[in-house]
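Numbering (UniProt numbering), first residue to last: 1 to 222.
No residue lacks a Cβ here, since even glycine has one placed at the ideal position from N, Cα and C.
For reference, the structure is listed below as structure tokens.
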Amino acid sequence: MSLQVKDIKKSFGKGQSETTVLKGINFEVNDGEFVILNGASGSGKTTLLTILGGLLSQNSGEILYNGAPLYDSDKKASELRLNEIGFIFQSSHLVPYLKVKAQLTTIGREAGLSKKDASQRAETLLKQIGLSHRLNVFPHMLSGGEKQRVAIMRALMNNPKIILADEPTASLDAERATEVIEMIKNQIQSKKMIGIMITHDKRLFEYADRVIELDNGVIVNS
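Shown next, in the form of structure tokens:
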């Protein structure tokens with residue numbers, strides 16, 4: 001069981017204005033494995049993660065999950081992101097008119113959980129991240145760090161097969177960042193998920209099974 005990235009290439013623009021961002025990316029991540037993508041700004045990390053999440057299409061190459069195309073004609077990217085992929089952005093992107101608990105339960109209900117099961121799972125996840133006392137407040141009442149913790153738990157709500165995270169701890173202090181990464185890694189290992197995270201924080205590298213370094217659109221170290 002694995003995610004295989006095969007010769008992914010991506011360019012923007014045409015003709016003389018064409019910029020090649022990814023120049024043939026190849027790697028594989030197995031179930032239960034937590035991988036960090038690292039590299040300087042402009043190396044292609046975010047473009048690659050966005051393609052893996054189905055938010056952007058590659059020019060060529062394949063993304064395979066368990067030997068089959070992750071995005072094929074029978075699988076809508078939106079459905080995959082709801083049911084099988086948890087995406088954590090650098091910004092929390094919480095729904096402003098939903099209270100904290102509802103940020104999670106809404107996702108659970110959309111994916112088919114009963115009202116009771118969605119409620120119980122949301123409360124369990126928010127307790128794990130230290131937000132039991134914030135279940136019934138709106139996003140504008142949360143600190144930046146609290147918003148990001150809610151967003152991280154929202155991504156884990158449906159036990160996704162793949163977790164994709166773009167600088168998820170950027171708004172957290174060092175202690176809270178470590179707690180969050182430990183929890184994400186534990187979820188990935190215990191639930192046999194595939195985890196791929198972008199971070200510049202080298203203090204977090206020790207939590208990864210591997211660090212894949214990109215430079216100018218190619219992998220230079222894995």
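Checklist entry - Straight-line CA distance for S17 to M153? => result Taking C-alpha positions only, S17 is separated from M153 by approximately 40 Å.
Item to check | Assigned secondary structure, T20 (DSSP; H/G/I helix, E/B strand, else coil) | outcome: It is a strand residue.
Checklist entry - Would S41 be called buried (16 or more neighbouring beta carbons within 10 Å of its own) or exposed? => result By the neighbour-count criterion, in which 16 or more other beta carbons inside 10 Å mark a residue as buried, S41 falls on the exposed side.
Checklist entry - On the premise that I8 lies in contact with I36, defined as a C-beta separation below 8 Å, what is that separation, rounded to the nearest angstrom? => result With 8 Å as the limit, I36 and I8 do not qualify as a contact, their Cβ atoms being about 18 Å apart.
Checklist entry - Tell me which same chain residues have a C-beta within less than 6 Å of the C-beta of I162, skipping the five on either side of it? => result Here the set comprises I85 and I194.
Next on the checklist: Quick check on E33: buried or exposed, where buried means 16 or more other Cβ atoms within 10 Å of its Cβ?
Outcome noted: Label assigned to E33: buried.
Next on the checklist: So within the stretch 29–108, which uninterrupted beta strand (DSSP E) runs reach at least 3 residues, ignoring any that extend past its ends?
Outcome noted: Runs of the beta strand (DSSP E) inside the stretch 29–108: 34–38, 60–65 and 85–88.
Checklist entry - Are three or more beta carbon pairs between the stretch 132–151 and the stretch 96–105 nearer than 8 Å? => result Between the stretch 132–151 and the stretch 96–105 there are three or more C-beta pairs closer than 8 Å, enough to call the two in contact.
Checklist entry - Taking the Cβ atom as the reference point for each residue, do K6 and E79 lie within a distance shorter than 8 Å? => result Result no, Cβ atoms of K6 and E79 do not sit closer than 8 Å.
Checklist entry - Who are M157's beta bridge partners in DSSP? => result According to DSSP, M157 bridges with nothing at all.
Next on the checklist: Taking its Cβ as the centre, do 16 or more other Cβ atoms sit within 10 Å of D173, making it buried, or is it exposed?
Outcome noted: Counting Cβ neighbours within 10 Å, D173 comes out exposed, since fewer than 16 surround it.
Checklist entry - Is the CB-CB distance between N159 and K191 below 8 Å? => result Yes, these two residues count as a Cβ contact at 8 Å.
Checklist entry - What does a CB cutoff of less than 8 Å around L82 pick up in its chain, not counting 5 residues either side in sequence? => result So the qualifying residues of the chain are I107, E110, A111 and N158.
Item to check | C-alpha distance - V21 paired with F27, whole-angstrom precision | outcome: Spanning the two alpha carbons is a distance of roughly 17 Å.
Next on the checklist: Short of 7 Å in beta carbon distance, which residues of its chain neighbour S119, apart from the five on each side in sequence? Order them along the chain.
Outcome noted: Beyond the five residues adjoining it in sequence on each side, S119 comes within less than 7 Å, by CB distance, of T105 in the same chain, given in chain order.
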